[in-house]
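Engineer: Residue numbers (my numbering), protein chains in the order written: chain A, 1 to 476; chain B, 1 to 382; chain C, 1 to 355. For glycine and all other residues, C-beta sits at the position ideal for the given N, C-alpha and C. From a predicted model like this one, the values you see are computed outputs, not experimental measurements. Structure below; questions to follow.
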Amino acid sequence: MKTSLAENRTAMKKELPSEDILSFRFHTGSGIECELFYADGIVDKELMGTLVINPLLRYRGDAEEKALFEALAFPELKCVKSEQEAVSAILEGNPVLFADGVSSGFVLGTKKVPQRAVTEPQTELVVKGPRAGFIEELKTNMGQVRLRFKTPNLRFETLQIGKQSKTSVAVCYLSGIASKKVVQEVKKRISAAEIDAVPDSSYVSRFLCPGRPSLFKQVNTTEKPDIFCARIAEGRVGILVDGSPVALTVPYLIVEEFQSPEDYFVNPYRATFLRLLRIGVLLLAIFLPALYVAAQLFKMQLIPLSLLLTIASSIQGLPLSPSLEVFVTLMVLEILNEASIRMPKYVGLALSVVGALVLGETAVNAGILSTPAVILIAFSGIGLYTVPELIETTSLLRLITLFVAGSVGIYGIVLFALFLVIYLVGEERYGSPILAPFAPIVGNDLKDSLVKFSMKQLKERPRAIGSANRTRLKEE
Amino acid sequence: MRKFTGSVLILLFVFLSGFFFVNDFGLIDIQKSAIVLGVGIDRAGENFTITAQLAIPQSSDQGGKTSSVEVSGTGKTVGEALTAINATTGWYPKLTFCNLIVLGESLVKDDAYAGLDYFLRDNGFSDNATLVTCTTSAKEFLSAGTPTHDISTLAIEKVLSREGMLSGVVAPVNLKEFSIGYYGSSRSGYLPLAEKLEQENGASQSDDQLQGGEEKTKFLFDATKTALFYKGKKVGTMSPEQTLTYNVLSSPIRVVAFPVEHKGISYTLGFRHAKPSLSVSMREGKLSFDVSVEVRALMLDSDASNSFENIARSSEASRAIIDSANEQFTEKIVSLIELSRESKCDLFGVADLAQKKFPKRKLGEEYLKEMLYSVKVDVKAL
Amino acid sequence: MQLNTRQLSLIAGGLFPLTKLILLPSTLAHYTGRDLYLPALFLFLLEGGVLLSVLLLSSKTDKTFFELLSDTFGRVTARIVFGMFGVYFLFSALLPVYEQTLLLRSAFYDTIPSPLFFAVFYIVCIYFCLKPLRTFGRCADLLVPISSVALLLLFALSVSNADFSALFPLFQTPAKDVAFTTLRSMPRFLDCAFPLFFLGHFKYEKGTTWKVMLSFLVGALFVLLFLGTFYAVYGVIAPGKASAISKIGRYFPGVDLIGRIDLLLIYLMSGSYFLYLMLPFWLSVQCLKTCFQTKDEYDVFYAVGINLFVFILYFFLHYTIVHFEKFVSVYFFPVFFLFSYLIPVLAWTLRRKHA
C-alpha cells in the first residue's frame, strides 16, 4: 500500500475495473483527502455516511493511522496493509477507506447484502418444534447457531473456497466433544479443494468426501438450526457455506434419515412407532413394485388366489407385459414429479388434473395400464416421501430393483439387496461406518436408532461418531 | 481395474435390460398361464383322463368376475394328459394354485396312486391340496354347476374346509396326509366321498342363465360319507354317522351334532371337548387296540316340544339321555373298528401305534382281524 | 482387527446352520428314516470339537494361519498349503452353491429357471470376493438377526402341522446306516475350517470361546430340531421333499388366506444364505492370493476366474444336482475330513508364540 492517495486510487482502479466498484471522495475537517471504495449494491450507504463520513468530516487531526482509527471508532474496523487484502475486503462487501498520507487502508464493516427473513424451510416441515431455518447469509446462520450454544466451546473456523467466488465456509464444532481428527480432516479437505466457484454447499460436500461418487448420501444436510445444533451436540462437525441455506454435517450415518426432530418432542413410544413406520413404508415403497412384477412373472404363489384373479382380470387384454407396464407407470410418475417441481404455479393445478385424470384414470379405461399397477405406483410414490431426504437415492433404487425383478425375479431382488448391504457395510466416512449402529452393531447407539428410548436413557453420545466426550446426560 | 468399473456397470445394465425387455427365457408368466383351480382324474383302461378346471378372469368391460372352464386331456400318464391340455388350449396349466384333486370312481377301483404320484413329485404342485373321491366320474363332478359359488372347485373346497371338520361332518384329507398313509406301514387311508345332490327347485338361477334359455341344473355337494382305502384301492365306505364318530376320535372338534334315540324320541346332542385316547397293548398274548374317549355333551334339540325350563337349561341333558348317548356312541365306535377290520383299512393307525410301542414285534398281514379291542366311552353332560 | 467376538458368534450360530436346511434333511431321511438327526448330531459334535480347538488356539496366539505355517515349515510350504486350500474351498463351494438351485426352484420360481439367471449370483459373489473380511463380519451383524427371526417364524409356522410321534420309536436304524450317512453328509458340515483362516484377524477377548461355542450350540440345536420337525411334518414321504426349508411352513392354516407368507420369510432368510455361500469363494481368493503372493489389484482376476469356472461348470451339471451330490458325498469325504477337520486340529502342532 502507498502513502499517496492517488497511487492507491490508481492501484484500486487497476485491480477492480468493474463498473459496480464505486468510489466516493471527500475531505476531512482538516483537509485530508479521503476516498472510499465500495461495491455497489452490497453496502449500507446510510451506515457509511453516519459512521464513517460524518465523523471524518468533523475530524481535525493529522493524516495519521492511529488517530484516524480512533476517530472512526467503528465496531468492525480493521487496517489492511496490502492491496490484495483491500481488494478482498471490497469484493466481500466491506468498503475500504484510503486517506492521503496514510499507508494503510481501513476496512469498514458496513456490508449489507439483500437477505430474506428467517422462515421455516419448505423441505423440513414439522408439526411440533422450532420453525427457524438457515438463510443464505453466513453470519446470520452462524448467529443462529451461537444463540443455541452459549458456550465458549462452540468454535467457528472460517475458510475460503473457490478461486473466483472466494466463498466463505465456516467449520463449526464443539471443542472437547467433536473428534479433533474429524475437524482436522474436514478443514484439510475444504482447503484442498481446487474449484472456481461454489454456488451452493452441495459443491462443498463433494470435497468433503472425495473418491467415487456414490448413490447414497455421504454428508448429511439440513436447513434447520435446531437439527444442526443437535447433530453438533452429538459430536459431529458442521459446515456452513455462505450463499447456501443448506448446512452440512459429518460424519453421516444412514440411520439419521429415519430420525425426525419431532421424535424428540413426542413420547418415545410414538417416536418408535413412527420410525418403524418410516422404514417399513420406505422398504415397501422400494420393493413393492418389484415384488409385484416378480410375482406375476416368476412366482404367482406369492399373491393370494383371490387377489391374483382380480389382478389377472385387470390385466386382461393389456398390450404391455407386467414389467413394462409397471416401468411405464413409474416413468409417468417420475415425469409428473419432475414437472410439478419445475412448472409455474399458475399452470400447476391444470396439469395436476391432467396427470391424475388423464394419465391415471383414462389410461386404465383405455386398457393401457391396469388399476393395480396405478395403485401400487401411487402408493410407492407417496411412500418414498416418508423419508424425503433420501428421495434421490430411493427413487433410483426402486427403478433398479424393478429392472432386476423384471429380469431375474425375486432371486435378483434378494441378491441386489445383498449387494447393497455388502456395499453399504464397507462405506465409512471420517472413521464412522454409515450403517452403524446396525453394521457393525453398536449396542449403545441402538437406543436411538429404529427404536427411540426416552431422553433419560440416552445418556451417552453415539459411539459410532467417535466423539471425544461420550457423556451427555449425567445420572441423577 | 477401477477404470473398468463404469464399463462393467454398463455391460451389466445391458445384460439386465436384455432380460427385462425381452423377457423370454423359458418364462411362463401370468399372461401365458392357465390357473388351474381343481383337477379331476379318471381312468379308462390304460389311459388317464385329466379334467382341469381353469379360472378365466374376465376383463373389467366384461364384468370383471372370474368364471371357469373345464378342459380335458387324455394320456397314458397324468403328465401326458396335462401336456395334452397345454396343446389344445395354448395355455400352460399352472398347478400351483390347484387346491383340489377329485378322484373319479374309475380310478379308485384299482390303485389311486397310479394317478396321484404325479402330484407328489416336486413339480411346483402343493401337497396341501384337498383330495376327494366321488361316485361319478371326476369330469362330471367338476362340471356340475352349484348355486353356492360360480366355480364348482371353490364350492367343493368350502364343503371340505376346516369348518366342516370342526363340526365333524366331513373328514377332509390333503395329499400329504393321504400319501403318508399310503407309503406308511399301514398302507391305509381315507378320503371324503362326495356326492352331487340335485337342487329341488331352480328358483335361484341367475338372469343371464335364464336369458340364454338354458336351465343349467344346480347341485349341492355332500361329503359326509368317507371312502376307505387300502393300498390305494377303495375298500369300504363310512356312513355319515361313522364319519362323525371318527372325527370325534381323531380330529379337533368344536361342536359335533350327535343324534341319539331315547324312548322313541330323537335328540341331538352337541359333543364338545372330546379327549380321545387311542393306544395298543398286549392282552392274552395278542395285540389289543384300546379306545377310550371322554366327551362333554350339551342338549341341542329334540323332535318333541320341550318345556321352557328344559330349553333354558340346555347344557343339562338328562342322565338317561346321556346313558343312551354313551351306548350309541360306543356302538358307532365298534362299528368303525369292525369296518376297519373287514376292509383291511387301518383307520386308526394301529400299525403305527404298535410299531412305536412294540418296535421289535412284526405284525402279520391280518393284524386287524387278529387284534382284540376295547372301547371305553364316557359321555358327560357339559 | 477385522472381526469381533459378536460377529464370530453370529456367524457360528446364525450362518453355519443355513446350508443344512435344503437338501440335507431329505437325504438324511432317505438313509436313516426317523433317526435322521443322529448323523447330524455326530457331525455337529465333530464340528464343535474342531471349532473349540481353533478357538482355543486363537487364545494362544495372535498369528494368522499363514504365519504359523511359515514359522513352522517355511514360506514355500505355507504357500503350497494355501494353494491347496484355495482349490479345496472352491471345490467345497460347489455342492452348496448348486444346492441353491433346489431352493430357487421351489421358493423363487414357479417353473425351472434358465441357468443364465444364476449369473447374478456370481456377479455379486465377484464383488464380495474383492471386499475385506470386515465386510463379511458386518454383513453378518445386519443379516443374521433378520434371518434368525425369519427362521424362527418359519419354524413356528411348521410346528402346528407336525406330528412328533412320527419320530418314535427312537434309535431303530442300524448303526452302520447311521455311520454311512454320517460320512456321506460331511460335505455340508465343513464350516469348522473357516475359523482357521480368521486366526489373527480377530481380537481374542475373555469369553470369546464360550460365547462362540454357545452360539454354535444354539445353531446346532436349531438344526436338530428342524430335522425332527421336518420328519414330523412329512413322515415316511420326507425323503421326497428336497428343499425342506421352502416347504415346511406351507401347511399353516393362514397361508391360504393371506398368501405365502412363508415364502416371504424364506426370502428374508435367503440373504444370509447367499452371503454364506459366497464365503468359500472369498476364502479361495484369499488363499490363492497368498499362494501366488500377488498384490491386491489382482484379486479381481482370481475372483472372476473362480466364479466363471463354477458358473460354466453349472451349465453341465444343473440337471444332475442330486447325482453330483451323491458322487461328491460318497467318494470325496476323505478330502473333506482332511481339510476341514484334521488340519484345523493339527494346527495346534504349529510353532506359535504366546499371545
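Looking at the structure shown, is residue 239 of chain A part of a helix, part of a strand, or coil, going by DSSP?
Structural biologist: Residue numbering aside, residue 239 of chain A sits at position 239 when the first sequence is read from its first letter. The answer is strand: DSSP assigns residue 239 of chain A an E or B state.
Engineer: What would DSSP say about residue 74 of chain B, mapped onto helix, strand or coil?
Structural biologist: On the second sequence, position 74 is the one that residue 74 of chain B refers to. Three-state DSSP puts residue 74 of chain B in a strand.
Engineer: Examine the Cβ distances between the stretch 278 to 290 of chain C and the stretch 319 to 326 of chain A and report whether three or more of them are shorter than 8 Å.
Structural biologist: Output reads no: the stretch 319 to 326 of chain A does not touch the stretch 278 to 290 of chain C.
Engineer: Please return the same chain residues whose Cβ sits closer than 7 Å to the Cβ of residue 95 of chain A, not counting the five positions on each side in sequence.
Structural biologist: Locating residue 95 of chain A in the first sequence gives position 95, counting from the first residue. Taken in chain order, the residues that qualify are 36, 37, 38, 43, 48, 108 and 110.
Engineer: Tell me where the beta strand (DSSP E) around residue 238 of chain B begins and ends.
Structural biologist: One-based indexing of the second sequence puts residue 238 of chain B at position 238. First-last of the beta strand (DSSP E) with residue 238 of chain B: 233 to 238.
Engineer: Would you mind telling me which residues of chain C sit closer than 9 Å to residue 197 of chain A, beta carbon to beta carbon, in chain order?
Structural biologist: Numbered from 1 along the first sequence, position 197 holds the residue referred to as residue 197 of chain A. Simply none; closest approach about 36 Å.
Engineer: To the nearest angstrom, report how far apart residue 233 of chain B and residue 299 of chain A are at their CA atoms.
Structural biologist: Here residue 233 of chain B corresponds to residue number 233 of the second sequence, with the count starting at 1. Here residue 299 of chain A corresponds to residue number 299 of the first sequence, with the count starting at 1. Computed Cα separation, rounded: 36 Å.
Engineer: Would the beta-carbon of residue 79 of chain B fall within 8 Å of that of residue 118 of chain B?
Structural biologist: Sequence index remark: in the second sequence, residue 79 of chain B carries index 79 (1-based). Sequence index remark: in the second sequence, residue 118 of chain B carries index 118 (1-based). Yes, they are a contact pair.
Engineer: Between residue 66 of chain B and chain A, is there a C-beta pair that is closer than 8 Å?
Structural biologist: Numbered from 1 along the second sequence, position 66 holds the residue referred to as residue 66 of chain B. Answer yes: the Cβ-Cβ gap between residue 66 of chain B and chain A drops below 8 Å somewhere.
Engineer: Three-state secondary structure (DSSP) at residue 18 of chain A?
Structural biologist: If you number the first sequence from 1, residue 18 of chain A lands on position 18. Looking at residue 18 of chain A - three-state DSSP - the assignment turns out to be coil, as it is neither helix nor strand.
Engineer: Figure out for me which residue from C/306, C/313, C/14 and C/324 has the closest Cα to the Cα of residue 123 of chain C.
Structural biologist: For the purposes of this step, residue 123 of chain C is taken as the residue at position 123 of the third sequence. The shortest Cα separation from residue 123 of chain C among C/306, C/313, C/14 and C/324 belongs to C/306.
Engineer: For residue 145 of chain B, name the three-state secondary structure that DSSP assigns.
Structural biologist: The count along the second sequence starts at 1 and reaches residue 145 of chain B at position 145. Three-state DSSP puts residue 145 of chain B in a strand.
Engineer: Would you tell me roughly how many angstroms separate the C-alpha atoms of residue 141 of chain B and residue 70 of chain B, rounded to the nearest one?
Structural biologist: Here residue 141 of chain B refers to the residue found at position 141 when the second sequence is read from its first residue. Here residue 70 of chain B refers to the residue found at position 70 when the second sequence is read from its first residue. So the alpha carbons of these two residues sit roughly 11 Å apart.
Engineer: Around the C-beta of residue 344 of chain B, are 16 or more other C-beta atoms found within 10 angstroms, so that it is buried, or is it exposed?
Structural biologist: As a first step, residue 344 of chain B is located in the second sequence; it is residue number 344 there, counting from the start. Flag for residue 344 of chain B reads buried.
Engineer: Scan the stretch 229 to 256 of chain C for residues whose Cβ lies nearer than 9 Å to a Cβ of chain B and list them as they occur along the chain.
Structural biologist: Listed by position, the residues of the stretch 229 to 256 of chain C near chain B (Cβ gap below 9 Å) are 233, 234, 235, 236, 237, 240, 241, 242, 243, 247, 250, 251, 253, 255 and 256.
Engineer: Provide the residue span of the beta strand (DSSP E) that contains residue 260 of chain B, from first to last.
Structural biologist: Start at 1 with the first residue of the second sequence, and residue 260 of chain B comes out as number 260. First-last of the beta strand (DSSP E) with residue 260 of chain B: 256 to 262.
Engineer: Is it right to say residue 188 of chain C is buried, meaning 16 or more other beta carbons lie within 10 angstroms of its own, or is it exposed?
Structural biologist: Taking the first residue of the third sequence as 1, we reach residue 188 of chain C at position 188. Looking at its Cβ environment, which holds 16 or more other Cβ atoms inside 10 Å, residue 188 of chain C is buried.
Engineer: Count the other C-beta atoms from every protein chain shown that fall within 10 angstroms of the C-beta of residue 349 of chain C, then say buried if there are 16 or more, exposed otherwise.
Structural biologist: Mapped onto the third sequence, residue 349 of chain C falls at position 349. Exposed, by the Cβ-count rule.
Engineer: Can the beta-carbon of residue 262 of chain A be found closer than 8 Å to that of residue 128 of chain A?
Structural biologist: Along the first sequence, read from residue 1 onward, the residue named residue 262 of chain A stands at position 262. Along the first sequence, read from residue 1 onward, the residue named residue 128 of chain A stands at position 128. Yes; because the gap between Cβ atoms is below 8 Å, this pair is in contact.
Engineer: Give me the residue from B/174, B/284, B/277 and B/8 with the minimum Cα distance to residue 294 of chain B.
Structural biologist: If you number the second sequence from 1, residue 294 of chain B lands on position 294. It is B/277 whose Cα lies nearest to the Cα of residue 294 of chain B.
Engineer: Can the beta-carbon of residue 213 of chain A be found closer than 8 Å to that of residue 454 of chain A?
Structural biologist: For the purposes of this step, residue 213 of chain A is taken as the residue at position 213 of the first sequence. For the purposes of this step, residue 454 of chain A is taken as the residue at position 454 of the first sequence. Not in contact: residue 213 of chain A and residue 454 of chain A (Cβ atoms no closer than 8 Å).
Engineer: Using the beta-carbon count (16 or more within 10 Å), is residue 289 of chain B buried or exposed?
Structural biologist: Taking the first residue of the second sequence as 1, we reach residue 289 of chain B at position 289. The residue is buried, with at least 16 neighbouring Cβ atoms inside 10 Å.
Engineer: Output, in chain order, the set of chain C residues within a Cβ distance shorter than 7 Å of residue 37 of chain A.
Structural biologist: The residue you call residue 37 of chain A lines up with position 37 of the first sequence. Ordered by position in chain C, no residue passes the 7 Å Cβ test against residue 37 of chain A, which lies about 57 Å from the chain.
Engineer: Run through the DSSP bridge pairs and tell me what residue 174 of chain B is partnered with.
Structural biologist: To locate residue 174 of chain B, count along the second sequence from 1; it is residue 174. Its beta-bridge partners are B/130.
Engineer: Would residue 441 of chain B count as contacting chain A if we go by Cβ distances under 8 Å?
Structural biologist: As displayed, chain B neither begins before 1 nor continues past 382, which places residue 441 of chain B out of reach and without an answer.
Engineer: Are residue 60 of chain A and residue 30 of chain A closer than 8 Å when you measure CB to CB?
Structural biologist: Here the question's residue 60 of chain A lines up with position 60 in the first sequence. Here the question's residue 30 of chain A lines up with position 30 in the first sequence. Closer than 8 Å, so yes.
Engineer: Determine the direct distance from the alpha carbon of residue 219 of chain B to that of residue 211 of chain B, and round the result to whole angstroms.
Structural biologist: Here residue 211 of chain B corresponds to residue number 211 of the second sequence, with the count starting at 1. Here residue 219 of chain B corresponds to residue number 219 of the second sequence, with the count starting at 1. Any answer about residue 211 of chain B is weak, because its pLDDT of 46 lies below 50 and its placement is not dependable; what the coordinates show is given next. Computed Cα separation, rounded: 20 Å.
Engineer: Within a Cβ cutoff of 6 Å, which residues of the same chain sit near residue 271 of chain C, ignoring the five residues on either side of it in sequence?
Structural biologist: By one-based count along the third sequence, residue 271 of chain C stands at place 271. Answer for residue 271 of chain C: 143, listed in chain order.
Engineer: One question on the structure: do residue 336 of chain C and residue 190 of chain C come within less than 8 Å of each other, judged by their Cβ atoms?
Structural biologist: Start at 1 with the first residue of the third sequence, and residue 336 of chain C comes out as number 336. Start at 1 with the first residue of the third sequence, and residue 190 of chain C comes out as number 190. Yes, the pair counts as a contact, with Cβ atoms nearer than the cut-off.
Engineer: Can you give me the start and stop residues for the alpha helix (DSSP H) that residue 319 of chain B sits inside?
Structural biologist: The residue you call residue 319 of chain B lines up with position 319 of the second sequence. Note, residue 319 of chain B: alpha helix (DSSP H), 319 to 343.
Engineer: Measure the alpha-carbon distance for residue 127 of chain C versus residue 82 of chain C and round it to whole angstroms.
Structural biologist: Here residue 127 of chain C refers to the residue found at position 127 when the third sequence is read from its first residue. Here residue 82 of chain C refers to the residue found at position 82 when the third sequence is read from its first residue. Rounded to the nearest angstrom, the two C-alpha atoms are 22 Å apart.
Engineer: Would DSSP call residue 282 of chain B helix, strand or coil?
Structural biologist: Working through the second sequence from its first residue, we reach residue 282 of chain B at position 282. In this structure, residue 282 of chain B counts as strand in the three-state DSSP scheme.
Engineer: List, in order along the chain, the chain B residues whose C-beta lies closer than 8 Å to that of residue 408 of chain A?
Structural biologist: Here residue 408 of chain A corresponds to residue number 408 of the first sequence, with the count starting at 1. Residues of chain B passing the Cβ test: 16 and 19.
Engineer: Beta carbon of residue 106 of chain B, beta carbon of residue 34 of chain B: below 8 Å?
Structural biologist: Counting from one through the second sequence, the residue named residue 106 of chain B turns up at place 106. Counting from one through the second sequence, the residue named residue 34 of chain B turns up at place 34. It is not a contact, given that the beta carbons lie outside the stated cut-off.
Engineer: Check distances from the C-beta atoms of the stretch 257 to 269 of chain C to those of chain A and list, in chain order, the residues that come in under 8 Å.
Structural biologist: Of all residues in the stretch 257 to 269 of chain C, 257, 258, 259, 260, 263, 264 and 267 have a Cβ within less than 8 Å of some Cβ in chain A.
Engineer: Leaving out five residues before and five after residue 161 of chain B in sequence, what residues of the same chain have Cβ atoms less than 8 Å from its Cβ?
Structural biologist: Within the second sequence, residue 161 of chain B is the residue found at index 161, counting from 1. The answer, listed in chain order, is 172.
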